[in-house]
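Here the structure comes first, spelled out in structure tokens, and everything after it is commentary.
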Amino acid sequence: FSEAEPRGWTDPVVLGLFAAGAAMLAAFVWWQTRARTPLLPLHVLRDRNRAGCFLTMLLAVIGMFGLFLFMTYYLQEILGYSPLRTGLAFLPLTAAIVVGSTQISARLLHHVAPRLLMVPGMLLAAGGLLLLTRLTVVAEYTTEVLPALLLMGLGMGLTFMPVFATATAGVAPEDAGVTSATVNTSQQVGGSIGTALLNTVATTSGTAYITARLHRPADRARVVPEGIVHGYTVAIWWAAAVMLLAGLVAAVMVTARAPKHGLPAERPVPESAV
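For the sequence shown, position 190 matches number 185 in our numbering, and the numbering has no gaps at all.
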């Protein structure tokens, strides 16, 4: 992804890297089907709900890292915040995640189906990102940034807990570790993809904006910041679309019922019965 901005998406090197990545993924899957002790037993992915949770987490973190990356740049480079002030500006997001997870999701998880938390969570997070697409080079934190952070935090808080709970529910004891690790791997891979992809989108869009409008050196002080913010907002549109896709995946693939309507928690369903 990072090579796409300087070279272009259709450059042979970029296409070759994509092809190599796809080939390596296919080789990994092939090896996991034949290894005596596979790193990722593929039967863990055969459960519809579990696979849906892994994919939802992957997509959600792609979108979330779009927020972290570009809002950090925006607050420091455009609004002139110090690193300390930028960190403090993100505290409401953290607080909203905690509230969404511990005070809302945890209380409802045993009474409603997981996707009834995950889908609204993704919609809230996407709504927060959409608010950020209106940013300009001059913005007020309390009226234009803070509401988006709160929506994003509540949405992610609503989503994370049912994702973890559903992904690890009913797993055979010997697969508990790898299942939990796969959820975490989905987060890490999503973060890596989100950072590379969205940064490429932002840089490409921002460069195109500046190139099209910077005709005189005197315009540089105005056009360059506008181009940077334009690149951020285009990438945030993409991040919001990914969040909505995560909600769609959760709605379609995660069909588990509320825990109180299923089997008791102390009687996990063996993998062979899934």
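Note that beta-carbon positions come from the ideal geometry of N, C-alpha and C, so glycine has one too.
Candidates the options: closest to residue i by CA position
| i | options | result |
| --- | --- | --- |
| V56 | Y76, L86, V178 and G75 | V178 |
| T190 | A84, T89 and A234 | A234 |
| A236 | T32, I205, L193 and R211 | L193 |
| F65 | V140, R29 and G172 | V140 |
| A203 | T51, A241, Q182 and E221 | E221 |
| G172 | V158, L103 and V39 | V39 |
| Q182 | A21, A15, R29 and F60 | F60 |
| G275 | G185, T97, V94 and Y68 | Missing from the structure shown is residue 275; the chain here goes from -4 to 269 and no further. |
| T131 | R80, P142 and L70 | L70 |
| V184 | A21, A15, L53 and I92 | L53 |
Same chain, Cβ closer than 6 Å to residue i, neighbours up to 5 away in sequence not counted
| i | result |
| --- | --- |
| G122 | L146 |
| L119 | L146, L149 and G150 |
| L50 | V244 |
| L144 | P87 and L88 |
| L127 | A143 and I231 |
Classification of residue i by the beta-carbon crowding that lies within 10 angstroms, buried from 16 upward
| i | result |
| --- | --- |
| T228 | buried |
| A230 | buried |
| T137 | exposed |
| D42 | buried |
| A251 | buried |
| F23 | exposed |
| R110 | buried |
| R31 | exposed |
| H165 | A small fix is needed here, since residue 165 is Gly in this sequence, not His. When all chains shown are included, G165 counts as buried. |
| T161 | buried |
| M19 | exposed |
| T5 | exposed |
Coil, strand or helix - residue i by DSSP
| i | result |
| --- | --- |
| R215 | helix |
| T180 | helix |
| T32 | coil |
| A167 | coil |
| A14 | helix |
| A253 | coil |
| L240 | helix |
| V8 | helix |
| V132 | coil |
| L88 | helix |
| G75 | coil |
| R102 | helix |
| V107 | coil |
| H210 | coil |
| R41 | coil |
Same chain, Cβ closer than 7 Å to residue i, neighbours up to 5 away in sequence not counted
| i | result |
| --- | --- |
| A253 | H105, H106, V107 and A108 |
| M238 | A55, G58, M117, A120, A121 and L124 |
| S175 | T163 |
| I188 | I57 |
| L209 | R215 and V218 |
| S100 | L112, G152, L153, M156 and P157 |
| A103 | First, the amino acid is wrong: residue 103 is Leu here, not Ala. Closer than 7 Å at Cβ, skipping near neighbours: L112. |
Contact set for residue i: own chain, Cβ-Cβ below 8 Å, skip 5 residues either direction
| i | result |
| --- | --- |
| V114 | G242, A245 and A246 |
| A46 | L40 and M248 |
| H225 | S200, G201 and Y204 |
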